[in-house]
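Asker: Before anything else, here's the structure in question.
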Amino acid sequence: MGNPLGGILITLLVGIIGLAVGGAIGYYLRQYLVDSKIKSVQAQTDDILEKAKASAKEIKVQAKEEGLRLKDKAEREGNKRQQRLSQHEDRLQKRQASLDRRLESIEKRERTLGKRQSTLDRRANELKSVEQVRQAELERVSSMTRDEARAELVKAVELDARQDMARVIREVDAETKAIAEDKARKIITMAIQRIASDQVAETTVSSVALPSDDMKGRIIGRQGRNIRAFEVASGVEVVVDDTPDAIILTCFDPVRREIGRQAMESLIHDGRIHPARIEKVVKRVSQDMDRALKEAGENAAYEANVPGLHMNLIKTLGRLKYRTSYGQNQLMHAVETAHLAAIIASELGADVKTARVGGLLHDLGKAIDHEVEGPHAIIGADVAKKYGISRKVINCIASHHHEVEQESLEAVIVEAADAISGARPGARRESLENYVKRIKDLEGIANSFPGVKETFAIQAGREIRIIVKPDEVDDYTAITLSKEIARRVEEDMQYPGQIKVTVIRETRVVDYAK
């Protein structure tokens, strides 16, 4: 049996040797793995460096190519600019040469004119000498000086002129009396005929009869809600005043005013007046009015023998049924003008169809002149142009008040027919429209002068009172201002009798006692 302690030692020795060998093997294995990783990283790094070098080389080549391209482009642009500069220099040289030639020509003309002026001066001196010799010879022959001969000649001419002037004055006086008598007879006859015509309500108001004054309260409604609802729905202002059994509807649009009148009459007849009912009735009457306008336009076109008009043009024409001018219905006036223009065109050998259509549509702009700014002739021409009306007819419409030049005989015929229809005895009468326009024109003329503060036309336009700013207008300027305003009124307005111009300058000084 062996020694146990020796076996243990041998076992321990073998174990220690095994551990040492294993550690050495592990160390070398780890060293090998580390070296492998280092070599792999080194290889990747070398690869990246190679790719970076290749990329840098490629970028360098591209940058070089781009630099060459930009250089070529810059050279081309420089060449073009050089060419343009050369062209500009050529043109400047040519202009300089042309200016030099012109300057030389002008200098040559100046020398020529100088020579001619010298010649003229010399001839003028010669003529003056000859005139002096002739005058001295005449004085010697006639035994009269120049002033005496001139006085004698003026005296003879003045005597003849006075005799001729007296004869002309007698002739003009006789002719004026004859013309005045003839015009006076015509004016009196025309006035009688116009006064005999039917009276027409003013074009801006309509009166609606009421069964009783109690109806006014129902029309106004609680706290005015009914009248407000009616004005909003119809666009017509309702005037409820002390007029017995009647109310007034006023609106600048005649069609809208007529819609309001019919709607109000329908509400009064029905008796049910409240906001919902008002809106319903106004809507129904508006639809009926569209049909009525279409029907009125179609009837007018048929009566005037003008077929083929666009439907919108027919409706616009129908609106003239509710438009008057100095008491004359404009739709009837349009039809009458069409007939007159056709007759005149037939007699003169002009285009009857163009004259007829132009006469019917010449006042088309009056149907919408409250909606569009400008003269009604231009407005009507623009509307007709939209719906395929011929150029000659459009010129007839636009030129019948000379806003544009008349381009054809038919345009002149339409203007003449319009004047005949409006100026015939009994056709029109003066109205509030003319009076209001005259008052506005009077105040407008006065307000156009500097230093005017307020202007009032009183006495039915027979007097105008102007209140001026006392710090801008002194007493002497006030006198001059009254004369200037009176002169402007005489030049710009037409009126019967005379108009008194009063300028008021008032200075007020106010202080307070404390």
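In this note's numbering, the protein residues as written are -7 to 506. All residues carry an ideal CB built from backbone N, CA and C; glycine is no exception. Computed from a prediction, not measured in an experiment: that's the story for all the values here.
Using a Cβ-Cβ cut-off of 8 Å (strictly less than) and excluding sequence neighbours within five positions of residue 61, which residues of its own chain qualify?
Answerer: For residue 61, where only same-chain residues beyond five positions count, there are no Cβ hits under 8 Å.
Asker: For residue 461, which residues from the same chain have a beta carbon less than 6 Å from its beta carbon, with the 5 sequence-adjacent residues on both sides left out?
Answerer: Excluding sequence neighbours, residue 461 sits near 443 and 445.
Asker: Counting beta carbon pairs with one atom in the region 298 to 310 and one in the region 257 to 271, are three or more of them shorter than 8 Å?
Answerer: Short answer: they don't touch.
Asker: For residue 273, name the three-state secondary structure that DSSP assigns.
Answerer: Looking at residue 273 - three-state DSSP - the assignment turns out to be helix.
Asker: When you compare only the Cα positions, how much space is there between residue 28 and residue 64?
Answerer: Each residue's alpha carbon lies about 54 Å from the other.
Asker: Using the rule of at least 16 other Cβ atoms within 10 Å of the residue's Cβ for burial, across every protein chain shown, is residue 107 buried or exposed?
Answerer: Residue 107 comes out exposed.
Asker: Where does residue 168 fall in DSSP's three states?
Answerer: In this structure, residue 168 counts as helix in the three-state DSSP scheme.
Asker: Provide the residue(s) that pair with residue 448 in DSSP beta bridges, ordered along the chain.
Answerer: The partner list for residue 448 (beta bridge, DSSP) reads 457.
Asker: Per DSSP, what kind of secondary structure is residue 492 in: helix, strand or coil?
Answerer: Three-state DSSP puts residue 492 in a strand.
Asker: Between residue 494 and residue 455, which are expected to be in contact by the criterion C-beta below 8 Å, what is the C-beta distance as a whole number of angstroms?
Answerer: At roughly 7 Å, the Cβ-Cβ gap stays under 8 Å, so residue 494 and residue 455 are in contact.
Asker: Along the chain, where does the beta strand (DSSP E) that runs through residue 258 open and close?
Answerer: Taken as a continuous stretch (DSSP letters only), residue 258 belongs to no beta strand (DSSP E), being part of the alpha helix (DSSP H) at 246 to 262.
Asker: Can at least three beta-carbon pairs, one atom from the region 348 to 356 and one from the region 322 to 336, be found at a separation below 8 Å?
Answerer: Touching, yes, given that three or more Cβ pairs across the two stretches are closer than 8 Å.
Asker: What residues in its chain sit with their C-beta under 6 Å from that of residue 295, if we drop five residues either side in the sequence?
Answerer: If we look at residue 295 and ignore the five residues flanking it on each side, its Cβ neighbours are 327.
Asker: Cα separation between residue 292 and residue 359?
Answerer: C-alpha separation (whole angstroms): 14 Å.
Asker: From residue 198 to residue 286, what distance separates their C-alpha atoms?
Answerer: Rounded to the nearest angstrom, the two C-alpha atoms are 22 Å apart.
Asker: Would you list the one or two residues that DSSP bridges to residue 239?
Answerer: According to DSSP, which records beta bridges pairwise, residue 239 is partnered with 200.
Asker: Where does residue 314 land, buried or exposed, given buried means 16+ other C-beta within 10 angstroms?
Answerer: With 16 or more Cβ atoms within 10 Å of its Cβ, residue 314 is classed as buried.
Asker: What are the residues that DSSP puts in a beta bridge with residue 79?
Answerer: Note: residue 79 sits in no beta bridge, so no partner.
Asker: Mind checking residue 23: buried by the 16 CB within 10 Å criterion, or exposed?
Answerer: Exposed, by the Cβ-count rule.
Asker: Taking the alpha-carbon positions, what's the residue 484 to residue 393 distance?
Answerer: When rounded, the distance between both Cα atoms is 19 Å.
Asker: When you compare only the Cα positions, how much space is there between residue 232 and residue 238?
Answerer: One C-alpha to the other measures close to 8 Å.
Asker: For residue 398, which of helix, strand or coil comes out of DSSP?
Answerer: Note: residue 398 maps to coil in three-state DSSP.
Asker: Can you find at least 3 beta carbon pairs, one from the region 372 to 382 and one from the region 430 to 439, that sit closer than 8 Å?
Answerer: Flag = no, the region 372 to 382 and the region 430 to 439 do not touch.
Asker: Does the distance from the C-beta atom of residue 228 to that of residue 252 stay below 8 Å?
Answerer: Result yes, Cβ atoms of residue 228 and residue 252 sit closer than 8 Å.
Asker: Strictly by DSSP, which residues pair up with residue 322?
Answerer: According to DSSP, residue 322 bridges with nothing at all.
Asker: Give the straight-line distance between the Cα atoms of residue 248 and residue 281, rounded to the nearest whole angstrom.
Answerer: Taking the straight line from one Cα to the other gives about 9 Å.
Asker: For residue 448 and residue 457, what's the separation of their Cα atoms in angstroms?
Answerer: Roughly 5 Å separates the two Cα atoms.
Asker: Report the partner residues of residue 316 according to the DSSP bridge assignment.
Answerer: Paired residues: 321.
Asker: Need the endpoints of the beta strand (DSSP E) that residue 365 sits in, please.
Answerer: Looking at the DSSP string, residue 365 is not in any beta strand (DSSP E), and its letter there is neither H nor E.
Asker: How far does the beta strand (DSSP E) with residue 229 in it reach, from first residue to last?
Answerer: Its beta strand (DSSP E) spans residues 229 to 231.
Asker: Under three-state DSSP, which class holds residue 266?
Answerer: Coil.
Asker: Just confirm the distance between the C-beta atoms of residue 323 and residue 288, as a whole number of angstroms; I'd bet it's less than 8 Å.
Answerer: Yes, residue 323 and residue 288 are in contact; Cβ-Cβ is about 6 Å, under 8 Å.
Asker: Could you round the C-beta distance between residue 508 and residue 332 to whole angstroms and report it? I think they count as a contact, below 8 Å.
Answerer: Absent from the model: residue 508. The displayed extent of the chain is -7 to 506, so no value can be given.
Asker: Go to residue 341, then tell me how far its alpha helix (DSSP H) extends in each direction, as first and last residue.
Answerer: No alpha helix (DSSP H) contains residue 341, which DSSP labels as neither H nor E.
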